[in-house]
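Going down the list, the protein sequences come from chains A and B. Note that the working numbering numbers the first sequence so that position 123 is 123, with each residue one more than the last. One gets the working numbering by counting positions in the second sequence from 1 and adding 1000 to each. Cβ atoms here follow ideal geometry from the backbone N, Cα and C, with glycine treated the same way. Here is the structure we will look at, set down as structure tokens.
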Amino acid sequence: MTVAATSIGTPGDLVSATASDSALRRFLHGLPGVDQVGAEARVGNLATRSIKAEAKRWALDLAVRTIDLTTLEGADTPGKVRSLCAKAIQPDPDDRTCQSVAAVCVYPDLVAVASQALAGSGVAVASVATAFPSGRARLDVKLTDVAGAVEAGADEIDMVVDRGAFLAGRYGEVLDEIRQVKGACGPAHLKVILETGELATLDNVRRASWLAMAGGADFIKTSTGKVTPAATLPVALVMLEAVRDFADLTGTEVGVKVAGGIRSAKDALRYLVVVHETAGAEWLRPERFRFGASSLLNDVLMQRAKQRTGRYHSPDRVTID
Amino acid sequence: MTAVPDQGTPTWAKAPSPKPRDLAPTHPTNGLFIGGEFVDPADGGSFTTVEPATGERLAEVALATTPDVDRAVKAARRAFRRWSSRPAAERGRYLFRIARIIQERSRELAVLESIDNGKPIRETRDVDLPLVAAHFFHHAGWADKLAWAGLGPNPRPLGVAGQIIPWNFPLLMLSWKIAPALACGNTVVLKPAETTPLTALAFAEICQQADLPAGVVNIVTGAGDTGRALVEHPGVDKIAFTGSTEVGKAIARAVAGTAKKLTLELGGKAANVVFDDAPVDEAVEGIVNGIFFNQGHVCCAGSRLLVQESVHDPVVARLQRRLGTLRLGDPLDKNTDIGAVNSAEQLERITELVAAGEAEGAVPWQPDCRLPERGWWHAPTIFTGVAQSHRVAREEIFGPVLSVLTFRTPDEAVAKANNTTYGLSAGVWTEKGSRILWMAERLRAGVVWANTFNRFDPASPFGGYKESGFGREGGRQGLASYLDAGAVG
């Protein structure tokens, strides 16, 4: 498939685009524009897809398997994290067939606790790093932050991009930082948080997506969850188009993580529909798609139980964490 | 581990989500709606309306002949005096009431429209019905404000309007015709298309439900002969027709030399112009929506894609990929994107033109798509390598068939876009605002959409140039088709 190769360029263009600041700028500003009204109409249309019966059960299971169960509070403690890890491994005590979530996402200082609690479970440890959520720290501090988290056992690092540099047009600086963080990750997977709520336009979302992928991101992620608006369907659409086109161009499949504000199973299904009809079925797995969420899991569990038993549980039947 | 389906190959297409069809009960036989009640036709004749998705018989519908049309026109004439002299706000109230009943019964009407027409429930539910209600609401508001429509201080209604509508948007076209006519104080005799009469008859029930005075709306069902009787009836003051250019010309000839006023909304062969700086993903959506919306049974469909030569290949590649995700099938399945072709006759015309396109050297492409065994269906089709002289670039196909042509410069795009006997609509895709305005000035089409396609609003006038007809529907301009501006009151 060379659909993007002819409209966006060739793999060689991407390599030469990252050679200098001005070439990078030309490349990013040469990407096709996004019509906001059209993108909103498209996701509005996809939101009317009706997912029922077997497909709904499958999609709810997928939602569970793709959740990065997250706690990112100043008040987090080892106890809270251990409790969350137990939930991550066995989300529904009433239904042993319910699979584990994809990962638990915590601040770097709690990685060791999570890593110990999740050992052998198959659930990954993800950690935000690089002066999350603002990213406003010296590069050496950010790199130390990342290296510390990886050393403590993080399998995945969620970094934030320097939105200040991006909005000021210093794309080379953003790219360089992503590359250095990627280097500091070692074996850990890198998710690059674009913080789309601060990038404001969908054109910027598309450019930032390409920038992050060019820098070596394994995932691109919408938001920190600390800024409003966080994940939205139009933003997810544009990012999924970007990973699809990047895969066409380079053969590398980059994942997408939507995070922040996704609380209901209904919302989650809408995102999965957009994933399916934009990037394709290959992205419907935890290696390529994630939800960053905390309260979403319980709603999905209640909907799963409804599908299984035909009636809704009391919220007290699902554990709070 | 139990009961989890193969997670590697999810097939959500396998999850049909049909709407129960008993939401819309159909009567086995249906009379004519004249003078506020359902009556039997003079000759006792009837015809069958079938479900395009299955080819099965849906209902028997009365066949109106000349005496029935005469009776309907007389009923409309009798009702006209009182209807037109009522306080205008009262007319508005009736229209508001009709609009609200349409909203209340919209699920039923959407299902009925899908069954009788073949179009997907997603479109009847999300497009047709909301627009139908919007047209009645919009014109309800106009009823007592006609003096401010810019048509003189006291514009007067014309009298009895004979209205003939097509099968592609049965209820929506009815609303485009009836709402402005009634708001302006006219009474109407409306003939729905012979393949899609059921929602018009449901609308007749709504008129009864709304206590609309008898004779203000009359509905006669039948085919071409019924339409001819209506056009030629001397008691009709105005004819409004939406349909083919061929029939439109015949009507214009029949009306010539009489005092009847005429508006025609006819065929189209719209150019959808995609420049190299277009927002490409949204443009692809717009192209799909432009030609595959309603199976391409749209007079303003973007059936000619004019794409700048430098981006032809990627645009076509993206379009093909997108077509692979369209779902064709049961119109009552909420996930269906493309429904059934309305009739065997229409399918034959589409098939014939597609064959002509191939014979003339254009290259057809269709996604992998299995057509149901019963009913009438046509897979979405793209022709590349189309020349301006090919039949598929010149004739209205009225089906899910897109002809792709290329251009090099904006001037050439305009020249090719305008090089058609039609002039109903056009689309422009570019991120450059100045170019949108430059194009819109030069495209000879009644509607020019910029970075979108097939968007409708009751406040926006709709109508054509050249062989696409004359007169406007909707907006302030649409009122002029049902008012006599010259009258001094």
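Check: Chain A contacts from the stretch 1121-1139 of chain B (Cβ-Cβ distance under 8 Å); Outcome: Arg1122, Asp1126
Check: Nearest candidate by alpha-carbon position, reference Tyr1094 of chain B, set B:Glu1373, B:Pro1180, B:Pro1028; Outcome: B:Pro1180
Check: Ranges of the beta strand (DSSP E) found wholly within the stretch 1191-1238 of chain B, counting only runs of at least 3; Outcome: 1217-1219
Check: Segment limits, beta strand (DSSP E) that includes Arg1497 of chain B; Outcome: Any answer about residue 1497 of chain B is impossible in this case: the structure gives chain B only from 1001 up to 1489.
Check: Interfacial residues, the stretch 42-53 of chain A to chain B, with Cβ spacing under 7 Å; Outcome: Arg42, Thr48, Arg49, Ser50, Ile51, Lys52, Ala53
Check: Pairwise C-alpha distance: Pro11 of chain A and Thr250 of chain A; Outcome: 6 Å
Check: Chain A within 9 Å of Pro1279 of chain B, Cβ atoms only; Outcome: yes
Check: At least three beta-carbon pairs within less than 8 Å, the stretch 1260-1278 of chain B to the stretch 1419-1433 of chain B; Outcome: yes
Check: Beta-ladder partner(s) of Ser314 of chain A, from DSSP; Outcome: According to DSSP, Ser314 of chain A bridges with nothing at all.
Check: Where Thr1124 of chain B sits in the DSSP three-state scheme; Outcome: helix
Check: Length-filtered (4 minimum) alpha helix (DSSP H) runs lying within the stretch 1388-1435 of chain B; Outcome: 1391-1394, 1410-1418
Check: Candidates B:Arg1077, B:Glu1037, B:Thr1066: closest to Gly1045 of chain B by CA position; Outcome: B:Thr1066
Check: Cutoff 9 Å: Lys1334 of chain B Cβ touching any chain A Cβ; Outcome: yes
Check: Residue-chain proximity (Ala1257 of chain B, chain A), Cβ-Cβ < 9 Å; Outcome: Looking at the sequence shown, residue 1257 of chain B is not Ala but Gly. It does not: the Cβ of Gly1257 of chain B has no partner Cβ on chain A nearer than 9 Å.
Check: Check: Ser1481 of chain B C-beta below 8 Å from any heavy atom of the ligand ADP; Outcome: The ligand ADP is not part of the structure shown, which contains no ligands of any sort.
Check: Within 9 Å, strictly: CB atoms of Ser1481 of chain B and Lys1191 of chain B; Outcome: no
Check: Chain A contacts made by the stretch 1437-1468 of chain B, where a contact means CB separation under 8 Å; Outcome: Asn1451, Thr1452
Check: Contacts that Gly74 of chain A makes with chain B (C-beta to C-beta distance below 8 Å); Outcome: Under the 8 Å cutoff, chain B gives no residues; its nearest Cβ is about 38 Å from Gly74 of chain A.
Check: Endpoints, alpha helix (DSSP H) assigned at Asn1117 of chain B; Outcome: 1106-1117
Check: Alpha helix (DSSP H) runs contained entirely in the stretch 189-227 of chain A, provided each spans 4 or more residues; Outcome: 196-199, 202-214
Check: Closest Cα partner of Ser50 of chain A within the set B:Thr1381, B:Arg1472, B:Arg1327, B:Ser1434; Outcome: B:Arg1327
Check: Chain B contact for Gln287 of chain A (CB, 9 Å cutoff); Outcome: The residue asked about is misnamed: residue 287 of chain A is Glu in this sequence, not Gln. So no, Glu287 of chain A is outside the interface.
Check: Proximal chain B residues relative to Ala39 of chain A, where beta-carbon distance stays under 8 Å; Outcome: Asp1281, Glu1282
Check: Within-9 Å CB hit, Val34 of chain A to chain B; Outcome: yes
Check: Cβ pair Val1311 of chain B, Val1274 of chain B closer than 9 Å; Outcome: yes
Check: Glu177 of chain A at chain B interface by Cβ criterion, 9 Å; Outcome: no
Check: Test: Glu241 of chain A CB closer than 9 Å to a CB of chain B; Outcome: yes
Check: C-beta atoms of Thr1187 of chain B and Arg1071 of chain B nearer than 9 Å; Outcome: no
Check: Three-way DSSP call (helix, strand, coil) for Val101 of chain A in this model; Outcome: coil
Check: Helix, strand or coil at Asn1030 of chain B according to DSSP, with G and I counted as helix; Outcome: strand
Check: Neighbouring residues, chain A, relative to Gly1286 of chain B (Cβ below 7 Å); Outcome: Gly38
Check: Members of the stretch 1424-1436 of chain B near chain A, C-beta cut-off 7 Å; Outcome: Glu1431
Check: Member of B:Gln1163, B:Pro1028, B:Asn1168 whose CA lies at the smallest distance from the CA of Gly1227 of chain B; Outcome: B:Gln1163
Check: Near-chain B residues of the stretch 229-255 of chain A (beta-carbon distance less than 7 Å), N- to C-terminal order; Outcome: Glu241
Check: Contact the stretch 1095-1110 of chain B vs the stretch 1147-1154 of chain B: 3+ CB pairs below 8 Å; Outcome: no
Check: Asp1043 of chain B and Leu1023 of chain B closer than 9 Å at C-beta; Outcome: no
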